[in-house]
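Asks:
Numbering (full-length UniProt numbering), first residue to last: 1 to 323.
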């Protein structure tokens with residue numbers, strides 16, 4: 001192994017992990033500014049939340065880095081000696097725990113900012129509404145970098161396709177949630193909302209930040225693509241995207257449009273598209289499973305009939321010989 005390869009091995013997964021921690025720190029700092037500037041100085045307590053986030057990411061990265069490095073070296077040895085690789089990474093349960101800590105603290109901050117003080121944010125300053133929206137939306141990038149820091153499967157591979165199946169939609173769902181919160185920037189629109197509807201919008205949007213914990217748990221269970229994802233988990237993932245993410249967001253936009261006559265985002269089309277496409281996929285998968293069950297039952301019936309015929313032949317032959 002030359003010096004270049006040694007350097008690459010030492011830097012394995014380091015850029016993505018450093019990027020996750022830096023992005024989380026930048027997000028925390030910007031959100032803390034909004035909380036401190038527009039609320040009271042007691043909001044410095046959120047720095048403790050940032051410490052908890054960084055610590056949880058660091059522990060998850062430290063444990064997974066050691067194992068991934070061992071797996072990487074083992075696979076390299078196997079490849080160099082033309083052997084069949086049976087080495088795979090572990091499940092890394094701390095990765096979804098780290099995201100849970102990060103997303104819960106992020107969701108609470110986002111909920112407080114948008115529900116209580118978003119309408120106070122000035123539009124002409126550097127720390128304006130656009131910066132707030134972009135900061136929250138970067139959570140999708142944090143998620144993708146977090147996933148990328150726990151596997152080294154290339155695009156187009158079976159494992160890579162499984163990882164994309166569970167993780168590719170998450171950034172778009174987070175952007176969708178950030179977009180629905182924009183209504184709270186305008187005090188007149190905010191005041192016209194019923195309290196139940198206002199809280200429903202906040203809860204649905206914040207839930208979109210926490211929900212990526214579920215696909216991370218699924219990836220953990222599949223050892224980040226090293227093992228196949230069960231059809232039950234794939235089915236559950238599609239149901240969550242339909243009934244927990246896109247359907248509530250679609251309902252909110254329709255209510256704002258038809259009842260409150262407010263301007264809505266074209267992302268309504270995205271909600272309809274995802275519901276239709278995922279619904280068709282679930283229907284086709286259900287038809288395929290039913291067909292497979294029918295084929296198995298038909299094969300079993302034919303096998304039973306064949307055994308019955310074979311079982312009667314000796315008896316018939318004996319009777320003929322006896323006569």
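Glycine included, each C-beta is placed from N, C-alpha and C at the ideal position.
#1: Is residue 128 helix, strand or coil by DSSP?
#2: Any idea what DSSP makes of residue 89, helix, strand or coil?
#3: Classify residue 193 as helix, strand or coil using the three-state DSSP reduction.
#4: Between which residues of its own chain and residue 54 is the CB-CB distance below 8 Å, once the five residues before and five after are set aside?
#5: Got a sec? Which residues, its chain only, sit under 8 Å from residue 178 by beta carbon, not counting five neighbours each side?
#6: In or out: residue 105 buried (at least 16 other Cβ within 10 Å) or exposed?
#7: Mapping DSSP to helix, strand and coil, what is residue 273?
#8: Check each candidate in 248, 180, 279 and name the one with the smallest Cα separation from residue 265.
#9: At what residues does the alpha helix (DSSP H) containing residue 218 begin and finish?
#10: Pop quiz: residue 93 and residue 140 are said to be a contact at Cβ under 8 Å. What is the actual Cβ separation, rounded to whole angstroms?
#11: What does a CB cutoff of less than 7 Å around residue 242 pick up in its chain, not counting 5 residues either side in sequence?
#12: Counting beta carbon pairs with one atom in the segment 180-193 and one in the segment 118-134, are three or more of them shorter than 8 Å?
#13: Label residue 316 either buried or exposed according to how many other C-beta atoms from any shown protein chain fall within 10 Å of its C-beta, with 16 as the threshold for buried.
#14: Are the Cβ atoms of residue 273 and residue 149 separated by less than 8 Å?
#15: Which residue marks the beginning of the alpha helix (DSSP H) containing residue 228, and which one marks its end?
#16: Mind checking residue 46: buried by the 16 CB within 10 Å criterion, or exposed?
#17: My output table needs one value for residue 84: the three-state DSSP class, helix, strand or coil.
#18: By DSSP, does residue 103 sit in helix, in strand, or in coil?
#19: Taking only the alpha-carbon atoms, compute the straight-line gap between residue 219 and residue 38 and give it to the nearest angstrom.
#20: Please look up how many angstroms separate the CB atoms of residue 191 and residue 249, rounded, as I've assumed it's under 8 Å.
#21: Just the C-alpha distance for residue 123 and residue 31, rounded to the nearest angstrom, thanks.
#22: Residues in its own chain within less than 7 Å of residue 146 by CB, not counting five upstream and five downstream?
#23: How far does the alpha helix (DSSP H) with residue 262 in it extend, from its first residue to its last?
#24: Ordered along the chain, which non-local residues of its own chain (more than five positions away) have a Cβ less than 6 Å from that of residue 282?
#25: Starting from the C-beta of residue 88, find all residues in its chain whose C-beta is less than 8 Å away, skip the five residues before and the five after it, and write them out in chain order.
#26: Quick one: grab the DSSP three-state call for residue 224.
#27: So, helix, strand or coil for residue 168, using DSSP?
#28: So, using beta-carbon positions, are residue 127 and residue 186 closer together than 8 Å?
Replies: Working from what's here:
#1: Coil at residue 128, not helix or strand.
#2: Bear in mind that the predicted position of residue 89 carries a pLDDT of just 46, short of 50, making it too unreliable to give a figure here.
#3: In the displayed model, residue 193 falls within coil according to three-state DSSP, outside both helix and strand.
#4: Result list for residue 54: 21, 24, 25, in chain order.
#5: Non-local beta-carbon contacts of residue 178 in its own chain, meaning distances under 8 Å to residues more than five positions away in sequence, involve 133, 136, 137, 205 in chain order.
#6: The Cβ neighbour count for residue 105, taken over all protein chains shown within 10 Å, is at least 16; the residue is labelled buried.
#7: It is helical.
#8: Of all alpha-carbon atoms in 248, 180, 279, the one lying nearest the alpha-carbon of residue 265 is that of 180.
#9: Residues 213-221.
#10: Contact between residue 93 and residue 140 is absent: CB atoms are separated by about 22 Å, not below the 8 Å threshold.
#11: Only 275, 278, 279 meet the Cβ criterion.
#12: Inter-segment contact for the segment 118-134 and the segment 180-193 is present: three or more beta-carbon pairs are separated by less than 8 Å.
#13: Note that residue 316 scores 44 on pLDDT, short of 50, meaning its location in the model is unreliable; the coordinates nonetheless yield the value given after this. It counts as exposed.
#14: Contact flag unset, no.
#15: If you look at residue 228, you'll find it isn't in any alpha helix (DSSP H); DSSP assigns it neither H nor E.
#16: Classification of residue 46: buried, given that the 10 Å Cβ count is 16 or more.
#17: Low per-residue confidence applies at residue 84: pLDDT is 40, beneath 50, and the placement is therefore not dependable, though the value from the model is reported in the following sentence. DSSP places residue 84 in coil when its eight states are reduced to three.
#18: It is helical.
#19: Residue 219 and residue 38 have their C-alpha atoms spaced approximately 39 Å apart.
#20: Contact check for residue 191 and residue 249: beta-carbon distance about 22 Å, past the 8 Å limit, so the pair fails to qualify.
#21: The alpha-carbon atoms of residue 123 and residue 31 are separated by roughly 16 Å.
#22: These residues qualify, in order along the chain: 20, 95, 99.
#23: It is not in any alpha helix (DSSP H) - residue 262 carries neither H nor E in the DSSP assignment.
#24: The answer, listed in chain order, is 238.
#25: With a pLDDT of 46 at residue 88, under the threshold of 50, the modelled position of that residue is not reliable, and the figure given next carries that caveat. Within the same chain, residue 88 has close Cβ partners 71, 223, 226, 227.
#26: In the structure shown, residue 224 adopts coil according to DSSP, grouped into three states.
#27: Three-state result, residue 168: coil.
#28: No.
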